[in-house]
Amino acid sequence: MNEELSPAGQPCYALEARNLSVVRGNRVVFQGVNLTLASGEIVALIGCNGAGKTTLLQCLAGALRPAGGEVLWQGKKYRKCPAARRLVGFVGHESSLYLALTAWENLLFAARMWGIDAPEKRAEDLLTMVGLEDHAAQTTSLLSRGMRQRLAIARAVIHDPAMVLLDEPFTSLDVDGRKWLTAFLCDLRKRNRALILATHESVYGSGFVDRLVSLRADGLREIQPSPGPEARDEGRGARDEDKEPTRRFLSPLAPRP
Amino acid sequence: MQPGHALKAFWRLVVKDLVCEFRLCRSWPGMLLLGLVLVLLLEMQVDLGTHEKQQVVSGLLWLDVFFAGTLMVDRLFSGEREEGCWRSLLLYPVSPTAVFFAKATVTILALVLLECVLVPAFIVFSNIPLLRRPLCFLTVALLANLGYASVSVVISALTAQLSHRSSLLPLLLLPLMTPVIMAAAAATRFLVAADLDEQWWRWVQLLGCFAVMFTTLGALVFEFVVED
Amino acid sequence: MRITQSVANTWKQLIVFGLVFSLLAGAILMIFLYAPTEATMGHAQRILYLHVSVTWCGLAACLAMGACSAAYMMSRNLVWDYWSQASTEVGCLCFTITLASGSLWAHEAWGVWWTWEARLTSALVLWLMLAGICLARASVDDLQSRARIGAVLAVLAICDLPILIMATRWFRGVHPIAPQMDPRMRIVLLGAMLGFTAFFALLTRQRRSQIDLAARVLTVERMGE
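Chains as they are written, first to last, in my numbering: chain A, 109 to 365; chain B, 17 to 244; chain C, 9 to 233.
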């Protein structure tokens, strides 16, 4: 699926932003943002409130039109190409779930909208992957915030994207939820997915985050991630299913040439 | 985008909206109730002879449809915006035009339901034979619903992210809907008369022009409306 | 250098203002001094020169509004939106004068202030649309949202223009289509159209500058917050 969109034999990043700028009204949110993201890499995006992290992620996901610059997915501008949208999965601030639908119906809707073959089976598999198989028939409005977050992540990866953009995914998650999400993201990385997560969390283990970038009005700055508790706790005491939650449901992507 | 995929996406969106509305019952019951209340209020005040009533009832009907319909229009996109569903909807490989037509179809279905309640109510309370020529009336209703749905989907999408959308929506909708309401009311007035005047067809043509123009323009500008 | 440029700009502005007001004053003088008195309606007929000129300006403003809105939709450049907003407001003003002068003339010609005739009704509908757009713009603070709302509404409102222009041909009514006129009356009418067009064009340009300035002030205020 992803191979057909990239020129054969040419190395390119999973995602590349060149001189990106966003203007709201007459106010420049940020400008001169350059970012590259390779397959199998996790980049954490930090910044103060109002720095434009959410706006930047929306630009990278193709949901927001930048005032200047360009975003390339696997080497080409694919913002308006329906086929290229399959490359990206996006988990925003909000859950993007229809509260009136059940958990299963939400995933089924997403699977059908993505044109996935056997959408019912896929929805069931994803529910199992995120540990919500017992809540499949429950209306989304009755799910807890943490469950909705898991469901939102399942919805975002249901079409097996090459890159996943997450906006403050750890918000409202308890300790177990954070451990689950950390293991999940690490597992996605093992399967060669590219990940960006915008967050306020400033302490990351070097085993979890590959790069840390800080967003300011005049662009991005690389910061060295310091070893933190996540690096030490990753995988400790977890079951096999928790260490590799996506093992049965997401195939590993071939590394880019 | 392949037409088959667009049609499937259109159908899924319509079904999703209908399921959500029937489970939550957020806007349609209120719309129906407001419509009925307006019928009662208007009929109580309009104390005229049969001939004079024939001149006003058609206008009252379409005004009632318009005002009651704004309750439903107000909720058209707010449900999508609530949990950020709107952004994810735009990220699917679905053309905004398919989304526009899906929302317009749901709006038309709601208006049809509303008219199924209001038309009998007007007939009962005013004794005016609104369905004297049912096929002609259906033509007028279809074109009026199409014009109303097209404009209201665009305006609702435009104002969905504003905090004061409830007050802004009727303000924006009413001037744009004036030609549609006027033409529908005039056409209906000729339908309830004993003899069908040829002017009826002129008003239907005008109504059709606006319906087609609004639908075409609405489909064209919708991508601009929803793009951030 | 800047002062020299500023002085040059001021002189340019004065010349333009002078020219426009000369044209307008000339038109008004022609209406009252040069135009012959009409045989049937007498002096009341002179309303025609104001009415037709201002209507023409209103239609031109609406077309400009539509064109600038379409340009904004394609380019996302707020400058086009400022022009669109200015054209909308001037168009609304023009149609206000059109409806008022038309009512006065209708009262003299037909004995009624208003009739639900095709052209009058479509003009009123267009005025309602323009007023609605102005009010909608005024109730939104964010520049981009305001521009988007204004652009979409303008494009939808343009639908009424063909109806307004062709109303007298499609729906037979009492509004005159193209009455026979004395050659001197034609000259005065052309002069009036030129004068009022220049005036409303200048008004549009000035209003656009105001809108631009207000947007810059708003931006600076927000940066300070």
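In this text, a Cβ means the ideal position worked out from N, Cα and C, and glycines have one as well.
Give every residue of the same chain whose Cβ lies closer than 6 angstroms to the Cβ of residue i, excluding the five residues on either side of it in the sequence, and list them in chain order.
i                     : result
residue 318 (chain A) : 149 and 150
residue 65 (chain C)  : 102, 204, 205 and 208
residue 78 (chain B)  : 197, 200 and 201
residue 285 (chain A) : 254
residue 330 (chain A) : 321
residue 72 (chain C)  : 95
residue 91 (chain B)  : 42 and 43
residue 102 (chain B) : 96
residue 219 (chain B) : 199, 202 and 203
residue 98 (chain C)  : 69, 208, 211 and 212
Taking only beta-carbon atoms, is residue i less than 9 angstroms away from chain A?
i                     : result
residue 192 (chain B) : no
residue 216 (chain C) : no
residue 24 (chain B)  : yes
Near residue i, what residues of its chain come up, given a Cβ to Cβ distance below 7 angstroms and the 5 sequence neighbours on each side ignored?
i                     : result
residue 157 (chain B) : 131
residue 133 (chain C) : 168
residue 167 (chain A) : 128, 130, 174 and 179
residue 39 (chain C)  : 54, 57, 196 and 200
Give the residues of chain A in contact with residue i, contact being defined as C-beta atoms less than 9 angstroms apart.
i                     : result
residue 119 (chain B) : Under the 9 angstroms cutoff, chain A gives no residues; its nearest Cβ is about 15 angstroms from residue 119 (chain B).
When the Cα atoms are used, what is the spatial distance from residue i to residue j?
i                     : j                     : result
residue 200 (chain C) : residue 209 (chain B) : 47 angstroms
residue 278 (chain A) : residue 210 (chain A) : 23 angstroms
residue 61 (chain C)  : residue 123 (chain B) : 42 angstroms
residue 253 (chain C) : residue 217 (chain B) : Here chain C has residues from 9 to 233 only, and residue 253 (chain C) is not among them.
residue 145 (chain A) : residue 174 (chain A) : 18 angstroms
residue 85 (chain C)  : residue 75 (chain C)  : 13 angstroms
residue 220 (chain C) : residue 150 (chain C) : 14 angstroms
residue 316 (chain A) : residue 276 (chain A) : 15 angstroms
residue 195 (chain A) : residue 271 (chain A) : 6 angstroms
residue 100 (chain C) : residue 212 (chain C) : 12 angstroms
residue 148 (chain C) : residue 94 (chain B)  : 18 angstroms
residue 189 (chain B) : residue 164 (chain B) : 9 angstroms
residue 19 (chain B)  : residue 195 (chain C) : 58 angstroms
residue 45 (chain C)  : residue 117 (chain C) : 15 angstroms
residue 19 (chain C)  : residue 10 (chain C)  : 14 angstroms
residue 167 (chain B) : residue 325 (chain A) : 39 angstroms
residue 263 (chain A) : residue 71 (chain B)  : 55 angstroms
residue 37 (chain B)  : residue 170 (chain A) : 29 angstroms
residue 58 (chain B)  : residue 146 (chain B) : 16 angstroms
residue 35 (chain B)  : residue 213 (chain B) : 43 angstroms
Looking only at its chain, what residues have a beta carbon closer than 8 angstroms to the beta carbon of residue i, apart from the 5 residues adjacent to it on each side?
i                     : result
residue 194 (chain B) : none
residue 217 (chain C) : none
residue 223 (chain C) : 86, 90 and 151
Looking at chain C, is there any beta carbon in it that lies within less than 9 angstroms of the beta carbon of residue i?
i                     : result
residue 173 (chain A) : yes
residue 234 (chain B) : yes
residue 53 (chain B)  : no
Give the interface partners of residue i over in chain B, defined as CB-CB distance under 7 angstroms, in chain order.
i                     : result
residue 157 (chain C) : 174
residue 89 (chain C)  : Chain B residues near residue 89 (chain C): none, gap ~13 angstroms exceeds 7 angstroms.
residue 201 (chain A) : 100
residue 137 (chain C) : 191 and 192
At a CB-CB cut-off below 8 angstroms, which residues of chain B make contact with residue i?
i                     : result
residue 205 (chain A) : 99 and 101
residue 220 (chain A) : 24 and 28
Quick one: which chain C residues come within Cβ less than 9 angstroms of residue i?
i                     : result
residue 188 (chain B) : 140, 141, 143, 144, 157 and 161
Using a C-beta cutoff of 9 angstroms, does residue i count as contacting chain B?
i                     : result
residue 321 (chain A) : no
residue 316 (chain A) : no
residue 122 (chain A) : no
residue 107 (chain A) : Since the displayed chain A opens at 109 and closes at 365, residue 107 (chain A) lies outside it and no answer follows.
residue 337 (chain A) : At residue 337 (chain A), the pLDDT of 46 sits below 50, so the modelled position is not reliable; the number obtained from the coordinates is stated separately. With 9 angstroms as the cut-off, residue 337 (chain A) does not count as an interface residue toward chain B.
residue 164 (chain A) : no
residue 219 (chain C) : no
residue 344 (chain A) : Here residue 344 (chain A) scores only 42 on pLDDT, less than 50, and its place in the model should not be relied on; the value that follows carries that caveat. Cβ-Cβ to chain B under 9 angstroms: no for residue 344 (chain A).
residue 24 (chain C)  : no
residue 279 (chain A) : no
Could you work out which residues of chain A lie near residue i, taking near to mean beta carbons separated by less than 7 angstroms?
i                     : result
residue 230 (chain C) : 135
residue 106 (chain B) : 171
Just the chain C side, please: which residues come within less than 8 angstroms of residue i by C-beta, in chain order?
i                     : result
residue 178 (chain B) : 148 and 153
Which chain B residues are close to residue i, counting only those with a beta carbon under 9 angstroms from its beta carbon?
i                     : result
residue 194 (chain A) : 109
residue 209 (chain A) : 32, 35, 36 and 39
residue 171 (chain C) : 195, 222, 225 and 226
Mind listing the chain A neighbours of residue i? Cutoff is C-beta to C-beta under 8 angstroms, in chain order.
i                    : result
residue 94 (chain B) : Within chain A, no residue comes near residue 94 (chain B); the closest Cβ sits about 12 angstroms away, beyond 8 angstroms.
- prompt: At what residue ranges does the stretch 193-267 of chain A contain a whole run of the beta strand (DSSP E), taking only runs of 3 or more?
  reply: 196-199
- prompt: Which runs of the alpha helix (DSSP H), 4 residues or longer, sit entirely within the stretch 63-108 of chain B?
  reply: The DSSP assignment places complete alpha helix (DSSP H) segments of no fewer than 4 residues inside the stretch 63-108 of chain B at 66-90, 94-98 and 101-107, in order along the chain.
- request: Return the chain-ordered ranges of every alpha helix (DSSP H) run that is complete within the stretch 123-177 of chain B and spans a minimum of 4 residues.
  value: 150-175, all fully within the stretch 123-177 of chain B.
task: Counting only runs of 4+ residues fully inside the stretch 141-170 of chain C, write out the alpha helix (DSSP H) ranges in chain order.
output: Within the stretch 141-170 of chain C, the complete alpha helix (DSSP H) runs of at least 4 residues are 151-165.
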